């Protein structure tokens, strides 16, 4: 009986993990749940479809040590032909009451943040996406050296059906 329950559980987990929309999905764990302002998280991925539309996401996991209601990021997308696109982005991380946004029942919240919507990659090849935190305290010019409370940074590409 135990082995049947184990098999059923394993099959259920495999089915739940299947995601036909995902073309790339990767996370990088941050040591000590701390993101140094000089640490650009990098993801390299192949694009084999230069016709289909895609949505791009930055995925973040934060814990209760994250002390801010928003998050500023600087991103860089490197194209196979050498073109580079840099963006400065701001995301809400908590509502007006201070409750963290995102999914999760524990102290860890998972945030799926839109980066680019409904885009087409112009050519096939290897792309590189880099992201770094750009947080600073109010009234200060220097950025926060170590941003506490971010446990993982991820990047995801979903094809649009």
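Numbering (my numbering), first residue to last: 2 to 162. All C-beta atoms in this analysis are idealised placements derived from N, C-alpha and C, irrespective of residue type, glycine included. Bear in mind that the values here come from a model prediction, so they are computed numbers and not experimental data.
Nonlocal neighbours in the same chain, by C-beta distance under 6 Å from residue i, ignoring five residues either side
{"i": "residue 101", "result": "95, 110"}
{"i": "residue 148", "result": "36, 134, 136"}
{"i": "residue 1", "result": "The first residue shown for the chain is 2 and the last is 162, placing residue 1 beyond what the model contains."}
{"i": "residue 14", "result": "Because the pLDDT at residue 14 is just 47, under 50, the model does not fix this residue reliably, and the point stays unresolved."}
{"i": "residue 122", "result": "48, 51"}
{"i": "residue 53", "result": "160"}
{"i": "residue 86", "result": "78"}
Whether residue i touches residue j by CB criterion (9 Å)
{"i": "residue 156", "j": "residue 27", "result": "yes"}
{"i": "residue 84", "j": "residue 132", "result": "no"}
{"i": "residue 112", "j": "residue 92", "result": "yes"}
{"i": "residue 61", "j": "residue 103", "result": "yes"}
{"i": "residue 117", "j": "residue 40", "result": "no"}
Same chain only: Cβ atoms within 7 Å of residue i, ignoring 5 sequence neighbours per side
{"i": "residue 143", "result": "137"}
Environment of residue i [buried if 16+ CB atoms lie within 10 Å]
{"i": "residue 106", "result": "exposed"}
{"i": "residue 1", "result": "As displayed, the chain neither begins before 2 nor continues past 162, which places residue 1 out of reach and without an answer."}
{"i": "residue 139", "result": "exposed"}
{"i": "residue 130", "result": "buried"}
{"i": "residue 33", "result": "exposed"}
{"i": "residue 154", "result": "buried"}
Run of the beta strand (DSSP E) containing residue i, from where it starts to where it stops
{"i": "residue 78", "result": "71-79"}
{"i": "residue 35", "result": "35-37"}
Which listed residue (the options) has its alpha carbon closest to that of residue i
{"i": "residue 90", "options": "114, 82, 80, 81", "result": "114"}
{"i": "residue 145", "options": "68, 162, 82, 43", "result": "68"}
{"i": "residue 43", "options": "70, 24, 75", "result": "75"}
{"i": "residue 119", "options": "158, 81, 125", "result": "158"}
{"i": "residue 126", "options": "70, 45, 154, 97", "result": "45"}
{"i": "residue 99", "options": "25, 70, 24, 141", "result": "70"}
Sequence-distant residues of the same chain with beta carbon closer than 8 Å to residue i, five excluded per side
{"i": "residue 108", "result": "64, 65"}
{"i": "residue 162", "result": "22"}
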